[in-house]
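Chemist:
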Amino acid sequence: MSELKFIFTGPPGVGKSTAIAAVSEFAPVVTDVLATDELSDIKAQTTAALDFGEITLDDGEKVRLYGTPGQRRFSFMWEILIEGGLGLVILVDNSRPDPLADLDIYLENFSGFIRDTGAVIGVTRMESHPQPDLDDFAAHLERHGLALPVLEVDIRRREDVVQLLDVLMMTCEPA
Amino acid sequence: MSKRIKLTEEGARILENMLGHFVAETTGVYAALVSSSDGHALAQWSQSELHGSKLSAMSSSLLALGESLSRESGQQACQYVIVETLDGFLVDLRVGERMVLTVLARKDGSLGLLLSACHQLAEELSSRIRKE
Amino acid sequence: MVRRITLGACGLDENDRLVLQSLINILELRSEVRWDFSSEGPGEISIVDLDSESGRRLWGELCRQPERVAIAYGGQAEDAAYRLEKPLRSRSVLQLLQDISRERYVTEAESGEGQSGPATAELSGKQFFQQLIDLFESGTWALRDGDRMLLIDGPRKRAWLRGPVDVLAGMARKSFARLQVLPIEAAALETAARSLDPISAPALIWYFARHHSLALQADLANRRYRLRRWPNLRQLGAGPDDARFCALLSRRWIAFTDLELVAGTRDAIGLLNALAAIGLLQVRPEERNPATAGTVVSGGLFSRIRKRLGVGA
Ligand SMILES: Nc1nc2c(ncn2[C@@H]2O[C@H](COP(=O)(O)OP(=O)(O)O)[C@@H](O)[C@H]2O)c(=O)[nH]1
Ligand SMILES: [Mg+2]
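Chains as they are written, first to last, in our numbering: chain A, 1 to 175; chain B, 1001 to 1132; chain C, 2001 to 2313.
(1) Have a look at Val1083/B, Gly1096/B and Glu1097/B and flag the residue whose alpha-carbon is nearest the alpha-carbon of valine 1103/B.
(2) Report yes or no: do the segment 2194-2202 of chain C and the segment 2150-2163 of chain C share at least 3 C-beta pairs separated by less than 8 Å?
(3) Count the CB pairs spanning the segment 2236-2253 of chain C and the segment 2269-2285 of chain C that are closer than 8 Å, and state whether there are at least three.
(4) One question on the structure: do serine 1035/B and serine 1060/B come within less than 8 Å of each other, judged by their Cβ atoms?
(5) Mind reading off the beta-carbon distance from serine 261/A to serine 95/A? Whole number of angstroms is fine, and I expect it under 8 Å.
(6) Could you spell out where the alpha helix (DSSP H) holding aspartate 59/A opens and where it closes?
(7) Compute the beta-carbon to beta-carbon distance between alanine 1031/B and serine 1046/B, rounded to the nearest angstrom, for a pair I have assumed lies under 8 Å.
(8) Could you name the residues, in chain order, whose CB is less than 6 Å away from a heavy atom belonging to ligand 2?
(9) When you compare the CB positions of proline 107/A and isoleucine 114/A, do they come within less than 8 Å of one another, or not?
(10) Throw me the rounded Cβ distance for the isoleucine 2071/C and glutamate 2044/C pair, which I believe falls under 8 Å.
(11) Touching or not, the segment 2076-2096 of chain C and the segment 2127-2142 of chain C, by the rule of three or more beta carbon pairs under 8 Å?
(12) Is isoleucine 105/A closer than 8 Å to glycine 67/A when the C-beta atoms are compared?
(13) In chain order, what residues of the segment 34-50 of chain A put their CB closer than 9 Å to some CB of chain B?
(14) Who are the neighbours of threonine 31/A on chain B, taking C-beta pairs under 8 Å?
(15) Determine the burial state of lysine 16/A: buried for a count of at least 16 other Cβ atoms within 10 Å of its Cβ, exposed for fewer.
(16) Could you tell me the alpha carbon to alpha carbon distance between arginine 2251/C and cysteine 1078/B, rounded to whole angstroms?
(17) Identify the continuous alpha helix (DSSP H) that holds lysine 2307/C and give its terminal residues.
(18) At the 8 Å Cβ level, is methionine 1207/B part of the contact set with chain A, yes or no?
(19) Going along chain B in order, which residues have a C-beta closer than 9 Å to the C-beta of phenylalanine 76/A?
(20) Beta-carbon within less than 6 Å of lysine 62/A's beta-carbon, same chain only, minus the 5 sequence neighbours each way: which residues are those?
(21) Using 8 Å as the threshold, is the C-beta distance between proline 69/A and leucine 39/A below it?
(22) Flag this pair as yes or no: are the beta carbons of arginine 2162/C and methionine 2149/C separated by less than 8 Å?
(23) Looking at chain B, is there any beta carbon in it that lies within less than 8 Å of the beta carbon of leucine 96/A?
(24) Is serine 2101/C buried or exposed, if buried means 16 or more other CB atoms sit within 10 Å of its CB?
(25) Just how far apart, CA to CA, sit alanine 2109/C and alanine 2263/C?
(26) Run through DSSP, which three-state label would lysine 1054/B get?
(27) Taking glycine 1074/B as the query, report the chain A residues whose CB atoms sit under 8 Å from its CB, ordered along the chain.
(28) Quick check on DSSP: helix, strand or coil for glutamine 2235/C?
(29) Please decide whether threonine 171/A counts as near chain C, where near means a Cβ-Cβ distance under 8 Å.
(30) So, with DSSP's three-state summary, where would you put threonine 2257/C?
(31) DSSP on tryptophan 2230/C, reduced to helix/strand/coil?
(32) Take aspartate 51/A and list the residues in its own chain whose beta-carbon comes closer than 6 Å to its own, dropping the five residues that flank it on each side.
(33) Give the DSSP-derived three-state secondary structure of glutamate 159/A in the structure shown.
(34) Which of the residues in the segment 1023-1038 of chain B, read from start to end, lie with their CB under 7 Å from any CB of chain A?
(35) If I measure Cβ to Cβ from methionine 1063/B and keep anything under 6 Å in the same chain, skipping five residues before and after, which residues do I get?
(36) Check whether the Cβ atoms of phenylalanine 2256/C and leucine 2220/C lie closer than 8 Å to each other.
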């Protein structure tokens, strides 16, 4: 049986930690460290190992939420965290220079998991950066032979995170 | 003060020299690395082949986890993360706020001596960098 | 005086005969001609299916009678003056019939005064839906139902609604009984649409399919469905549940009954019709031994997670 676990991934600063904090029952475990590269111009801290939050179901069963570090140099953590997951949320920051190329990093790295399990894509900061739009994302995914859900989200709003998880569960194999 | 860490060639050489001395003078130690807190390799000295950039990222994660674990367990600030293997020890510790020191040692000497040597090196590195 | 023309179907299969029959209802609205339909055998204008034996037999005969027009359809026919491609597209059939009738059967004088009041078309919801899709293929059109109007700009894939927001709903409720389909000059369309906000063709098609899904009853069983591409739900004006239903179709081949279980009959029909009409759906026949049939269970675990998060059912 799968662990009851969802994983949030995406580039640094996209909102993985924020998303988990928005739905977790307790203040999430964070492993943020000081950023020392170009990221530090926009964001003081970055996740070095993982974020961890939890939701308890009525019967006491726990659903665990993990956030990965964003940078590729931490991809060994991606491998560790994705193991046995129920589904993957890929967040994309539309204010970065090439959001579609960002998306490709995670599609490629998690391709096996996406094929076997399920994934959903949340695009953030579209209010200030409308391009590429949702059609561009969908067309891009189609070129990869994928029709994964792509939703515009403001990850700071709990209901947007909940919607991502809800839609994600629909893409997954029945549990 | 800029938050970025960008070592000059000169700075990197100074760090490497310090690491080199440390490796030569400390019983059992065969490699030492300095990385940024967010996992970039900055300097290393090793008697054998090492994948520096990989170890830097992993050390950053491990130390961050160790610090989270200390915090979540209600203990005081994390001093070291120590991994003991059949062959030896891997030690991670902070250098100031923005760097990580990773030391690889065989089981020749005592762990206590190793840790105190690591601690002392971290202090030296930290004050040296502050001066730069 | 109103000219009557018989349209003959020669060797056509059941489905094509029905298409033609429904099309002449629309044709009447646009021309000065009244049409009679002969489902077996020639008329003044005949549509001949050269893929059928009876069609091929009639073909030579018809071509030798200059007062009759034969339109080849299927097969090989170098001697055909008029041809239609398979499958029959309502747009091209309408255009051709209208051209021929103007050319050959209606005099100048007649065409000037032939506006003998609007006739009506009895279209089913499904026919209307197909019509709507076809009208977007080319040309500019006005669909009128009393003072409600739908303006269609085929080439630019957009439309405008005049009247209450639920113009389409109104049109649908009347079973399209008083619906007029009129060609309209591009310039006239511009003028008529000036003060209105355009709707994209996919959004209009989506709206219709999602709101009148029961009018679209279709044979959806024995097939499996899967998204080709994720739809731009916001642009389509889709409802909040559409994302969930589409997600179900995003990674797996889903049977109608599976979707029905999650979405309910009405939404399942509407969604599949809408997605197919805007070209985002892949369809394949059901395998003989559907090993994966019934893959979608209402998900005990997932429904508990949803409950905890406070969403869905
Ligand atoms: N304006 C805006 N800010 C956002 C949006 N999504 C996330 N943020 C902010 O971006 C930052 C993301 O930080 P964090 O969650 O640590 O990112 P992580 O590196 O992916 O864990 C937070 O300060 C959020 O408030 C958005 O859609 N609009
Ligand atoms: Mg983070």
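Even glycine gets a Cβ: it sits at the ideal position worked out from N, Cα and C.
The structure presented is a predicted model; accordingly, all values stated were derived computationally and were not measured.
Modeler: Working from what's here:
(1) The residue labelled residue 1103/B in the question sits at position 103 within the second sequence. The shortest Cα separation from valine 1103/B among Val1083/B, Gly1096/B and Glu1097/B belongs to Val1083/B.
(2) yes
(3) yes
(4) Stepping through the second sequence from its first residue, residue 1035/B is reached at position 35. Stepping through the second sequence from its first residue, residue 1060/B is reached at position 60. Contact flag set, yes.
(5) In the structure displayed, chain A extends from 1 to 175; residue 261/A sits before or after that span and is not available.
(6) Counting from 1 along the first sequence, the entry for residue 59/A is found at position 59. Element bounds for aspartate 59/A: n/a, residue is neither H nor E.
(7) On the second sequence, residue 1031/B is found 31 positions in, with the first residue counted as 1. On the second sequence, residue 1046/B is found 46 positions in, with the first residue counted as 1. That pair is a contact at about 4 Å.
(8) Lys16/A, Ser17/A, Thr47/A, Asp51/A and Gly67/A
(9) Position 107 of the first sequence, counted from the first residue, corresponds to residue 107/A. Position 114 of the first sequence, counted from the first residue, corresponds to residue 114/A. Proline is not the amino acid found at residue 107/A; the sequence shown has leucine there. Yes; because the gap between Cβ atoms is below 8 Å, this pair is in contact.
(10) Along the third sequence, one-based indexing puts residue 2071/C at 71. Along the third sequence, one-based indexing puts residue 2044/C at 44. So it is not a contact: roughly 12 Å between Cβ atoms.
(11) yes
(12) As a first step, residue 67/A is located in the first sequence; it is residue number 67 there, counting from the start. As a first step, residue 105/A is located in the first sequence; it is residue number 105 there, counting from the start. Cβ distance not < 8 Å, so glycine 67/A and isoleucine 105/A don't count as in contact.
(13) Leu34, Ala35, Thr36, Asp37, Glu38, Leu39, Ser40, Asp41, Ala44, Gln45, Thr46, Thr47, Ala48, Ala49 and Leu50
(14) Along the first sequence, read from residue 1 onward, the residue named residue 31/A stands at position 31. Those are Ser1061, Ala1064, Leu1065, Glu1067 and Ser1068, listed as they occur along chain B.
(15) The count along the first sequence starts at 1 and reaches residue 16/A at position 16. With 16 or more Cβ atoms within 10 Å of its Cβ, lysine 16/A is classed as buried.
(16) For this step, residue 2251/C is matched to residue 251 along the third sequence. For this step, residue 1078/B is matched to residue 78 along the second sequence. Cα to Cα, arginine 2251/C sits roughly 45 Å from cysteine 1078/B.
(17) One-based indexing of the third sequence puts residue 2307/C at position 307. Per DSSP, lysine 2307/C belongs to the alpha helix (DSSP H) from 2300-2309.
(18) In the structure as shown, chain B begins at 1001 and stops at 1132. Residue 1207/B is therefore absent and cannot be evaluated.
(19) Position 76 of the first sequence, counted from the start, is the residue given in the question as residue 76/A. Under the 9 Å cutoff, chain B gives Lys1054, Ala1057, Met1058 and Ser1061.
(20) For the purposes of this step, residue 62/A is taken as the residue at position 62 of the first sequence. If we look at lysine 62/A and ignore the five residues flanking it on each side, its Cβ neighbours are Glu54 and Thr56.
(21) Here residue 69/A is taken as the residue at index 69 of the first sequence, counted from 1. Here residue 39/A is taken as the residue at index 39 of the first sequence, counted from 1. For proline 69/A and leucine 39/A, no; Cβs fall outside 8 Å.
(22) Numbered from its first residue, the third sequence carries residue 2162/C at position 162. Numbered from its first residue, the third sequence carries residue 2149/C at position 149. Against a cut-off of 8 Å, the Cβ pair of methionine 2149/C and arginine 2162/C comes out as a contact.
(23) As a working mapping, residue 96/A is identified with position 96 in the first sequence. One point to set straight first is that residue 96/A is arginine, not leucine, in the sequence displayed. Arginine 96/A does not count as touching chain B.
(24) Within the third sequence, the letter at position 101 stands for residue 2101/C. Label assigned to serine 2101/C: buried.
(25) As a working note, residue 2109/C is residue 109 in the third sequence. As a working note, residue 2263/C is residue 263 in the third sequence. Reliability of the predicted coordinates at alanine 2109/C is poor, the pLDDT of 39 falling under 50, and no value is obtained from them.
(26) Here residue 1054/B is taken as the residue at index 54 of the second sequence, counted from 1. Residue state, collapsed to three classes: helix.
(27) As a first step, residue 1074/B is located in the second sequence; it is residue number 74 there, counting from the start. Chain A residues near glycine 1074/B: none, gap ~13 Å exceeds 8 Å.
(28) Working through the third sequence from its first residue, we reach residue 2235/C at position 235. Glutamine 2235/C falls in the helix class under three-state DSSP.
(29) Translated into positions along the first sequence, residue 171/A becomes position 171. At least one chain C Cβ lies under 8 Å of threonine 171/A.
(30) Locating residue 2257/C in the third sequence gives position 257, counting from the first residue. Helix.
(31) Indexing the third sequence from 1 puts residue 2230/C at position 230. Three-state DSSP puts tryptophan 2230/C in coil, outside helix and strand.
(32) Your numbering for residue 51/A matches position 51 in the first sequence. Cβ neighbours of aspartate 51/A beyond the five flanking positions: Ser17, Ile20, Pro28, Val30 and Gly67.
(33) On the first sequence, residue 159/A is found 159 positions in, with the first residue counted as 1. Glutamate 159/A: helix per DSSP, three-state reduction.
(34) Ser1036, Ser1037 and Asp1038
(35) Counting from one through the second sequence, the residue named residue 1063/B turns up at place 63. The question names methionine, but residue 1063/B is leucine in the sequence shown. So the qualifying residues of the chain are Val1081, Asp1092 and Val1100.
(36) In the third sequence, the residue the question calls residue 2256/C occupies position 256. In the third sequence, the residue the question calls residue 2220/C occupies position 220. Contact: yes.
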